[in-house]
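K.L.:
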Amino acid sequence: MKLVLAIINRDDANAVTQNLTKNGFSSTRLATTGGFLRAGNVTVLVGVDEEKVQAVIDVIKEHSHSRKQMIASTTETTYGYYPAMPVEITVGGATIFVVDIERFERV
Ligand code: 2BA
Numbered sequence: 001m002k003l004v005l006a007i008i009n010r011d012d013a014n015a016v017t018q019n020l021t022k023n024g025f026s027s028t029r030l031a032t033t034g035g036f037l038r039a040g041n042v043t044v045l046v047g048v049d050e051e052k053v054q055a056v057i058d059v060i061k062e063h064s065h066s067r068k069q070m071i072a073s074t075t076e077t078t079y080g081y082y083p084a085m086p087v088e089i090t091v092g093g094a095t096i097f098v099v100d101i102e103r104f105e106r107v
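In the working numbering, the protein residues as written are 1 to 107.
#1: Name the two residues that bound the continuous beta strand (DSSP E) containing Glu88.
#2: My assumption, with CB atoms under 8 Å, is that Val16 sits in contact with Ser64. Please give the rounded CB distance.
#3: Who are the Cβ neighbours of Met70 in its own chain at under 6 Å, not counting the five residues just before and after it?
#4: Go to Thr17, then tell me how far its beta strand (DSSP E) extends in each direction, as first and last residue.
#5: Taking the continuous alpha helix (DSSP H) assigned at Val107, which residues delimit it?
#6: Give a single yes or no on whether Ala39 has its beta carbon closer than 8 Å to a heavy atom of the ligand 2BA.
#7: Per DSSP, which residues does Ala94 bridge with? Please list them.
#8: Using a threshold of 9 Å, state whether the C-beta atoms of Ala13 and Lys61 are closer than that.
#9: The alpha helix (DSSP H) spanning Lys60 covers which residue range?
#10: Assuming Leu45 is part of the beta strand (DSSP E), what are its boundary residues?
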């Protein structure tokens with residue numbers, strides 16, 4: 001068995017989890033925060049047999065969209081920090097990890 005961990009944009013979370021359910025996959029949503037932007041995102045956990053991992057990733061891919069975002073940057077000088085030009089970054093679609101599960105039980 002495998003665990004698919006997908007970090008996705010908050011705005012895509014409902015579409016991703018609804019479509020996972022529609023395709024017969026159980027999922028759990030965790031409210032998480034990205035370390036770089038320190039903004040809320042959603043981590044979806046899906047436990048599945050190995051042969052179904054690609055189907056789960058396909059659903060996540062189909063419903064996660066990448067977005068361009070402007071962030072304020074700062075520059076450090078000997079006198080402290082001062083604001084510099086805003087920088088554009090591309091966030092997502094999804095950041096996906098697949099890990100082995102040693103044991104899975106429902107009790
Ligand atoms: P954040 O850490 O808030 O990062 C948001 C976006 O900021 C990233 O989008 C990337 O475009 C940019 N970014 C992150 N670190 C950067 C850096 N050191 N320099 C310049 N730009 C940087 P994504 O790559 O799509 O990542 C979206 C979210 O996925 C991340 O939110 C984080 O929560 C998670 N994530 C991404 N890679 C990860 C990893 N290797 N391990 C754990 N979580 C990860």
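Idealized CB from N, CA, C, for every residue including glycine. Source: prediction; values computed, not measured.
P.N.:
On the basis of the coordinates in this document:
#1: Within the sequence shown, the letter at position 88 stands for residue 88. 87-91 is the extent of the beta strand (DSSP E) around Glu88.
#2: Numbered from 1 along the sequence shown, position 16 holds the residue referred to as residue 16. Numbered from 1 along the sequence shown, position 64 holds the residue referred to as residue 64. In this structure, Val16 and Ser64 form a Cβ contact; the two beta carbons are roughly 6 Å apart against a cut-off of 8 Å.
#3: Within the sequence shown, the letter at position 70 stands for residue 70. The beta carbon of Met70 sits closer than 6 Å to the beta carbons of Pro86, Glu88 from its chain, once the five residues preceding and following it are set aside; these are given in chain order.
#4: Taking the first residue of the sequence shown as position 1, residue 17 is located at position 17. Where Thr17 is concerned, there is no enclosing beta strand (DSSP E), although the alpha helix (DSSP H) around it starts and stops at 10-22.
#5: The count along the sequence shown starts at 1 and reaches residue 107 at position 107. Element bounds for Val107: n/a, residue is neither H nor E.
#6: Residue mapping note: residue 39 aligns to position 39 of the sequence shown, counting from 1. Of the heavy atoms belonging to the ligand 2BA, at least one sits nearer than 8 Å to the Cβ of Ala39.
#7: Here the question's residue 94 lines up with position 94 in the sequence shown. Note: Ala94 is bridge-paired with Ile8 in the DSSP secondary-structure output.
#8: Position 13 of the sequence shown, counted from the start, is the residue given in the question as residue 13. Position 61 of the sequence shown, counted from the start, is the residue given in the question as residue 61. For Ala13 and Lys61, no; Cβs fall outside 9 Å.
#9: The sequence position of residue 60 within the sequence shown is 60, counting from 1. The sequence as given places Ile at residue 60; Lys does not occur at that position. Element bounds for Ile60: 53-63.
#10: Numbered from its first residue, the sequence shown carries residue 45 at position 45. Segment 40-48, the beta strand (DSSP E) holding Leu45.
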